[in-house]
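Peer 1: Chains A and B, in that order, give the protein sequences. full-length UniProt numbering applies: residue 1 is where the first sequence begins, and numbers increase by one. full-length UniProt numbering applies: residue 1 is where the second sequence begins, and numbers increase by one. Idealized CB from N, CA, C, for every residue including glycine. Please read these numbers as outputs of a predicted model, since none were measured by experiment.
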Amino acid sequence: MSYEIIGITVLWTFLYGYVIVASIDFGAGFFSYYASVTGKGNVVKKVINRYLSPVWEVTNVFLIFFYIGLVGFFPEVSFYYGTALLVPGSIAVILLAIRGSYYAFHHYGSKARSWYQLLYGATGLLIPASLSTVFTISEGGYIEVAGPDVSLNYSALFTSSYSWAVILLAIVSVLYISACFLTFYAHKAGDQEAYAVLRKYALSWSAPTILASILVFWAMSSHNSVHFEKMLDLSWMFVLSFLFFLGAVYLIWKKKRPGISFILVMLQFAFAFYGYGAAHLPYLLYPYLTIYGSFTNDTMAITLIIAFLAGFFLLVPSLYLLMRLFLFNNDYVQGRK
Amino acid sequence: MFEYDPVLYSRILTGLTLAVHTIFSTLGVGVPLLIALAEWIGIKRNDDHYHLLAKRWARGYIITVAVGVVTGTAIALQLSLLWPKFMQVAGQTISLPLFLETFAFFFEAIFLGIYLYTWDRFKNKMYHLLLLIPAALGATASGFFITTVNSFMNAPLGFTYENGVLSNINPFAAMFNPATPTKVSHVLSSAYLTAAFVLAAISAVALLRGRNHVYHKKALHLSMTVAFVFAVTTALVGDLSGKYLANYQPEKLAAAEWHFETVEEASLILGGILEEDGEIKYALEIPYALSILAHGTPDAEVTGLEEFPEENWPPLVVHYMFDTMVGIGMALALISFLYLFFYKKKKWNPYNKPLLMMIAAGGPLAMIAIEAGWFFAEEGRQPWIIRGVMKTAEGATTSQNVDLMLYLFAALYLILIVSAAAVLIRTFKGNPAEKELEKTGLDRRDGDEL
Numbered sequence: 001m002s003y004e005i006i007g008i009t010v011l012w013t014f015l016y017g018y019v020i021v022a023s024i025d026f027g028a029g030f031f032s033y034y035a036s037v038t039g040k041g042n043v044v045k046k047v048i049n050r051y052l053s054p055v056w057e058v059t060n061v062f063l064i065f066f067y068i069g070l071v072g073f074f075p076e077v078s079f080y081y082g083t084a085l086l087v088p089g090s091i092a093v094i095l096l097a098i099r100g101s102y103y104a105f106h107h108y109g110s111k112a113r114s115w116y117q118l119l120y121g122a123t124g125l126l127i128p129a130s131l132s133t134v135f136t137i138s139e140g141g142y143i144e145v146a147g148p149d150v151s152l153n154y155s156a157l158f159t160s161s162y163s164w165a166v167i168l169l170a171i172v173s174v175l176y177i178s179a180c181f182l183t184f185y186a187h188k189a190g191d192q193e194a195y196a197v198l199r200k201y202a203l204s205w206s207a208p209t210i211l212a213s214i215l216v217f218w219a220m221s222s223h224n225s226v227h228f229e230k231m232l233d234l235s236w237m238f239v240l241s242f243l244f245f246l247g248a249v250y251l252i253w254k255k256k257r258p259g260i261s262f263i264l265v266m267l268q269f270a271f272a273f274y275g276y277g278a279a280h281l282p283y284l285l286y287p288y289l290t291i292y293g294s295f296t297n298d299t300m301a302i303t304l305i306i307a308f309l310a311g312f313f314l315l316v317p318s319l320y321l322l323m324r325l326f327l328f329n330n331d332y333v334q335g336r337k
Numbered sequence: 001m002f003e004y005d006p007v008l009y010s011r012i013l014t015g016l017t018l019a020v021h022t023i024f025s026t027l028g029v030g031v032p033l034l035i036a037l038a039e040w041i042g043i044k045r046n047d048d049h050y051h052l053l054a055k056r057w058a059r060g061y062i063i064t065v066a067v068g069v070v071t072g073t074a075i076a077l078q079l080s081l082l083w084p085k086f087m088q089v090a091g092q093t094i095s096l097p098l099f100l101e102t103f104a105f106f107f108e109a110i111f112l113g114i115y116l117y118t119w120d121r122f123k124n125k126m127y128h129l130l131l132l133i134p135a136a137l138g139a140t141a142s143g144f145f146i147t148t149v150n151s152f153m154n155a156p157l158g159f160t161y162e163n164g165v166l167s168n169i170n171p172f173a174a175m176f177n178p179a180t181p182t183k184v185s186h187v188l189s190s191a192y193l194t195a196a197f198v199l200a201a202i203s204a205v206a207l208l209r210g211r212n213h214v215y216h217k218k219a220l221h222l223s224m225t226v227a228f229v230f231a232v233t234t235a236l237v238g239d240l241s242g243k244y245l246a247n248y249q250p251e252k253l254a255a256a257e258w259h260f261e262t263v264e265e266a267s268l269i270l271g272g273i274l275e276e277d278g279e280i281k282y283a284l285e286i287p288y289a290l291s292i293l294a295h296g297t298p299d300a301e302v303t304g305l306e307e308f309p310e311e312n313w314p315p316l317v318v319h320y321m322f323d324t325m326v327g328i329g330m331a332l333a334l335i336s337f338l339y340l341f342f343y344k345k346k347k348w349n350p351y352n353k354p355l356l357m358m359i360a361a362g363g364p365l366a367m368i369a370i371e372a373g374w375f376f377a378e379e380g381r382q383p384w385i386i387r388g389v390m391k392t393a394e395g396a397t398t399s400q401n402v403d404l405m406l407y408l409f410a411a412l413y414l415i416l417i418v419s420a421a422a423v424l425i426r427t428f429k430g431n432p433a434e435k436e437l438e439k440t441g442l443d444r445r446d447g448d449e450l
């Protein structure tokens, strides 16, 4: 395997990790707010906070990791995306900043404030929408390159059916992934009331998720036919993804094996996400940047891969410890510790 | 305000983000050490006052960490959004420390999360303390790695750059450049010093308000001892940094000291005003001191600004930032020394009002010194973004709308700082240490010796 492929695979894996953990977090913010508006606040809030409190900081790192790795392995990316994404990038950063700090203010400050919760819930949906523009732009057609000048064509971006389809998919998937995880967590906590509420959320967001995915496929076929053709070549991955989806929804519906059902959700997104990514290669930004044209020098690539392996051996046991203490510890989950 | 110029606005926005981030990241590096010390002493002496101290410090710390994390995310992404061409070069040469910094941060985030939620989960309190060690190490390591990136910008090494093409890259040479040792040790020791002074100031204010509980005295003593140790370290490293500058970045030192002509037996200038014609008025001159600072002997020759083309001069206003940093640093060393001296002399009262007031002022002053030091370091590197390789203007974005982003971020930071301060004040005012001590029954240990 070439360094380029190793590099992009590592990064894609971190991005996948971010998609999962951030979705749980973003969706939880929304559900927590929605539940308190509809009078079920206290039922689900306890479950949500028990999970989120020790991990909110870690979520953010996945994104930074992906970004720093991307800049390190593919420095050319900085030039194109950095110049073009000033406004959407800054807005995403501002939303992330509001969300992160108000989470802490809300939970560690002396008194909880309801408008902190509103900020937290609203940003949970706006952030995936703003971050997903990066995926949209990567398909090409929204960036204009004239010599040293790179600019984003906002009217093309905002009038394109593809970009709206991606935003829609991002938001509904966040809600779906989050509801599925929280259903599992509530079940583990033995909190029947919260389980019933969250299970309803999970089931009601499942159909929109699949519909939005189909919409994205359809919109891509007209926007970037090269990428669409390549995705058809990998259609087995998307078929598998759909089967995992059916399995997950079936288990949640039948109230069976909530742990397995969340693993199926993760597999559903893993196959769709890696299938999408593999078909996107070799382009990082269609048609200007490929992973080969933008790769860093060999010395740095080897050093980064070694650093990554070393860091990996440090991180995996630490993450395992975190999960043992807070996610897979029945006493903690059930509120006895 | 100004005519639209993406370079100028990018510089202001970067400066603003870093100025805000520095407040929180300095505490982020320094405070875990003090929390760990408090908990360790608590275990060793079986003194619950120290446990409460660690707990209360951690409770405030987490609020500052949150703002530190989000402003850190902002600066990380702004590097690419505002300086895309700089990051193209940086990505080729120094992505290793950037990458490692994220690992360190990851490590810290995991263990800090565990630490904060396991106060009563382990029978042996030592296990809980052990969790703080990786968190503190992670905080220090991320400070270390990110400072090597900044060092590289001051003393670029480990590559050749010709006609816009980079070659012969050596990531380790880039990371361990000549600026790295002094910069890293100065950043770390001043962060410990500042965190200690900020925490000491909190205790001093409590004592000044007549809250005489031994808890506050223990807190004050611990933080002032740490402050003194790192005040001395910071001063020593500061002296080494002066010698580094004289050898590798003489134009920065010369600009800081308004030292125009290359002469021997150079004197150090404190304060003053620079007139249009290059005359310095109202300044205090210390003979030979600059030669000693630069090369360690009173008769050494110190390079003046005249040796450099004027377009490569740093802005001369850095003189005031340098003076502020050094002046406050000296004052902090003196205050912490006085406290310890009074404390050792059995008959003298270390809690006398003037001394407590000085300690209380020391907290904010230390933060001002950190800001002044960073502004000196960064402005003193102008007009280069990578000294001798790339001018700041060449690295900036060409994008429109940087002005709009500046206003948005300025509003964001204002809101964040005001909210964080309000939350911190509310958290501690409503629940003072005395009340918590009473509630937990710790008050009976009141008569303990220090």
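In the DSSP assignment, find the unbroken beta strand (DSSP E) run with A/Val-150 in it and report its ends.
Peer 2: As a working note, residue 150 of chain A is residue 150 in the first sequence. Unbroken beta strand (DSSP E) run through A/Val-150: 149-152.
Peer 1: Looking at the C-beta of B/Ile-169, does it have a partner C-beta in chain A at a distance below 8 Å?
Peer 2: The count along the second sequence starts at 1 and reaches residue 169 of chain B at position 169. Answer yes: the Cβ-Cβ gap between B/Ile-169 and chain A drops below 8 Å somewhere.
Peer 1: For B/Arg-444, which residues of its own chain have a beta-carbon under 7 Å away from its beta-carbon, when the five flanking residues on both sides are left out?
Peer 2: On the second sequence, position 444 is the one that residue 444 of chain B refers to. Only weak support is given to the placement of B/Arg-444: the predicted model assigns it a pLDDT of 48, under 50, and the value that follows is read from those uncertain coordinates. For B/Arg-444, where only same-chain residues beyond five positions count, there are no Cβ hits under 7 Å.
Peer 1: With a cut-off of 8 Å, do at least 3 Cβ pairs link the region 100-118 of chain B to the region 88-100 of chain A?
Peer 2: With the cut-off at 8 Å, the region 100-118 of chain B and the region 88-100 of chain A do not touch.
Peer 1: Please list, in chain order, the chain B residues whose beta carbon lies closer than 9 Å to that of A/Tyr-286.
Peer 2: Your numbering for residue 286 of chain A matches position 286 in the first sequence. Within chain B, no residue comes near A/Tyr-286; the closest Cβ sits about 19 Å away, beyond 9 Å.
Peer 1: Tell me A/Val-145's beta-bridge partners as DSSP assigns them.
Peer 2: Within the first sequence, residue 145 of chain A is the residue found at index 145, counting from 1. Paired residue(s): A/Val-150.
Peer 1: Please classify B/Val-418 as buried or exposed, where buried requires at least 16 neighbouring CB atoms within 10 angstroms.
Peer 2: Against the second sequence, residue 418 of chain B aligns to sequence position 418. B/Val-418 is exposed by the Cβ-count criterion.
Peer 1: A/Pro-75 versus chain B: which residues are under 8 Å apart at the beta carbon?
Peer 2: As a position in the first sequence, residue 75 of chain A is number 75, starting the count at 1. Under the 8 Å cutoff, chain B gives Met-87, Gln-88, Val-89, Ala-90, Gly-91, Gln-92, Ser-95.
Peer 1: Output needed for A/Ala-84: all residues of its chain with C-beta closer than 6 Å, excluding positions within five of it in sequence on either side, in chain order.
Peer 2: Position 84 of the first sequence holds residue 84 of chain A. Cβ neighbours of A/Ala-84 beyond the five flanking positions: Ile-143, Val-150, Leu-152.
Peer 1: Just checking: is the beta-carbon of B/Met-330 within a distance shorter than 8 Å of some beta-carbon in chain A?
Peer 2: By 1-based counting over the second sequence, the position of residue 330 of chain B is 330. Chain A contact via Cβ: absent.
Peer 1: Who are the neighbours of A/Ala-104 on chain B, taking C-beta pairs under 7 Å?
Peer 2: As a working note, residue 104 of chain A is residue 104 in the first sequence. Ordered by position in chain B, the residues that pass the 7 Å Cβ test against A/Ala-104 are Ile-62, Ile-63, Ala-66.
Peer 1: Show which residues of chain A have a CB atom less than 7 Å away from the CB atom of residue 454 of chain B.
Peer 2: Nothing in the structure corresponds to residue 454 of chain B, since chain B is present only between 1 and 450.
Peer 1: If we ignore side chains and look at the alpha-carbon of each, how far apart do B/Ala-132 and B/Gly-304 end up?
Peer 2: Numbered from 1 along the second sequence, position 132 holds the residue referred to as residue 132 of chain B. Numbered from 1 along the second sequence, position 304 holds the residue referred to as residue 304 of chain B. Note on residue identity: the sequence assigns Leu, not Ala, to residue 132 of chain B. The alpha-carbon atoms of B/Leu-132 and B/Gly-304 are separated by roughly 47 Å.
Peer 1: Apart from the five residues just before and just after B/Ser-25, which ones in its own chain have a Cβ nearer than 6 Å to its Cβ?
Peer 2: Here residue 25 of chain B refers to the residue found at position 25 when the second sequence is read from its first residue. Result list for B/Ser-25: Gly-68, in chain order.
Peer 1: Check for me: the beta strand (DSSP E) holding B/Thr-160 runs from which residue to which?
Peer 2: To locate residue 160 of chain B, count along the second sequence from 1; it is residue 160. Run containing B/Thr-160: 160-162, per the beta strand (DSSP E) assignment.
Peer 1: Any C-beta of chain A sitting closer than 8 Å to the C-beta of B/Ser-419?
Peer 2: Residue numbering aside, residue 419 of chain B sits at position 419 when the second sequence is read from its first letter. So, interface residue.
Peer 1: Under the rule that 16 or more other beta-carbon atoms within 10 Å means buried, what is A/Gln-268, buried or exposed?
Peer 2: Walking along the first sequence from the start, residue 268 of chain A turns up at place 268. With 16 or more other Cβ atoms within 10 Å, it is buried.
Peer 1: Note down, in chain order, every chain B residue with its Cβ under 7 Å from the Cβ of A/Asn-60.
Peer 2: In the first sequence, residue 60 of chain A corresponds to position 60, counting from 1. Neighbours of A/Asn-60 on chain B, chain order: Val-69, Thr-73.
Peer 1: How would you label B/Val-296, buried or exposed, when you count the other beta carbons within 10 angstroms and need 16 or more for buried?
Peer 2: Residue 296 of chain B sits at position 296 when you count from the first residue of the second sequence. Contrary to the premise, residue 296 of chain B reads as Gly rather than Val in this sequence. Label assigned to B/Gly-296: exposed.
Peer 1: With a threshold of 16 other CB atoms inside 10 Å of the CB of B/Ala-411, please say whether the residue is buried or exposed.
Peer 2: The count along the second sequence starts at 1 and reaches residue 411 of chain B at position 411. So B/Ala-411 ends up on the exposed side.
Peer 1: First and last residue of the beta strand (DSSP E) that includes B/Leu-52?
Peer 2: Position 52 of the second sequence, counted from the first residue, corresponds to residue 52 of chain B. Where B/Leu-52 is concerned, there is no enclosing beta strand (DSSP E), although the alpha helix (DSSP H) it sits in stretches over 48-82.
Peer 1: Count the other C-beta atoms from every protein chain shown that fall within 10 angstroms of the C-beta of A/Phe-14, then say buried if there are 16 or more, exposed otherwise.
Peer 2: Working through the first sequence from its first residue, we reach residue 14 of chain A at position 14. With 16 or more other Cβ atoms within 10 Å, it is buried.
Peer 1: In the DSSP assignment, find the alpha helix (DSSP H) that holds B/Leu-166 and state where it starts and stops.
Peer 2: As a position in the second sequence, residue 166 of chain B is number 166, starting the count at 1. Note, B/Leu-166: premise wrong, no alpha helix (DSSP H); beta strand (DSSP E) at 165-167.
Peer 1: What number of angstroms, rounded off, separates the C-alpha of A/Arg-199 from the C-alpha of A/Asn-330?
Peer 2: Position 199 of the first sequence, counting from 1, holds the residue named residue 199 of chain A. Position 330 of the first sequence, counting from 1, holds the residue named residue 330 of chain A. Looking at the two C-alpha atoms, the distance is approximately 20 Å.
Peer 1: Please name the residue, chosen from A/Met-266, A/Pro-317, A/Ala-202, that lies closest to A/Lys-254 on a Cα-to-Cα basis.
Peer 2: Stepping through the first sequence from its first residue, residue 254 of chain A is reached at position 254. That would be A/Ala-202, whose Cα lies nearest to the Cα of A/Lys-254.
Peer 1: At a CB-CB cut-off below 9 Å, which residues of chain A make contact with B/Asn-177?
Peer 2: Here residue 177 of chain B is taken as the residue at index 177 of the second sequence, counted from 1. What B/Asn-177 touches in chain A: nothing, since even the nearest Cβ is about 16 Å away.
Peer 1: If we ignore side chains and look at the alpha-carbon of each, how far apart do B/Ala-179 and B/Ala-372 end up?
Peer 2: For the purposes of this step, residue 179 of chain B is taken as residue 179 along the second sequence, with counting starting at 1. For the purposes of this step, residue 372 of chain B is taken as residue 372 along the second sequence, with counting starting at 1. Spanning the two alpha carbons is a distance of roughly 19 Å.
Peer 1: Which of helix, strand or coil does DSSP assign to B/Glu-301?
Peer 2: Here the question's residue 301 of chain B lines up with position 301 in the second sequence. Three-state DSSP puts B/Glu-301 in a strand.
Peer 1: Got a sec, what are the start and stop residues for the beta strand (DSSP E) B/Glu-285 sits in?
Peer 2: Translated into the one-based positions of the second sequence, residue 285 of chain B becomes position 285. Looking at the DSSP string, the run of the beta strand (DSSP E) that includes B/Glu-285 is 284-286.
Peer 1: Looking only at its own chain, which residues have a Cβ that is under 7 Å from the Cβ of B/Thr-14, when we skip the five neighbours before and after it?
Peer 2: Numbered from its first residue, the second sequence carries residue 14 of chain B at position 14. If we look at B/Thr-14 and ignore the five residues flanking it on each side, its Cβ neighbours are Gln-78, Leu-82.
Peer 1: Taking CB distances under 8 Å as the criterion, tell me whether B/Ala-109 reaches chain A.
Peer 2: Within the second sequence, the letter at position 109 stands for residue 109 of chain B. Judged by the 8 Å Cβ criterion, B/Ala-109 is in contact with chain A.
Peer 1: Short of 8 Å in beta carbon distance, which residues of its chain neighbour B/Phe-176, apart from the five on each side in sequence? Order them along the chain.
Peer 2: Start at 1 with the first residue of the second sequence, and residue 176 of chain B comes out as number 176. Thr-148, listed in sequence order.
Peer 1: Give me the chain D residues within the contact set of A/Leu-119, using Cβ-Cβ distance strictly less than 8 Å, ordered along the chain.
Peer 2: Note that chain D does not occur in the displayed structure, where the protein chains are A and B.
Peer 1: Name, in chain order, the residues that DSSP records as bridge partners for A/Val-333.
Peer 2: Along the first sequence, one-based indexing puts residue 333 of chain A at 333. Note: A/Val-333 sits in no beta bridge, so no partner.
Peer 1: Does the beta-carbon of B/Asn-154 have 16 or more other beta-carbons within 10 angstroms, so that it is buried, or is it exposed?
Peer 2: Here residue 154 of chain B is taken as the residue at index 154 of the second sequence, counted from 1. The residue in question, B/Asn-154, is buried, as its Cβ has 16 or more Cβ neighbours within 10 Å.
Peer 1: If the cut is a Cβ gap below 8 Å, which residues of chain B does A/Val-55 touch?
Peer 2: As a first step, residue 55 of chain A is located in the first sequence; it is residue number 55 there, counting from the start. Simply Gly-113.
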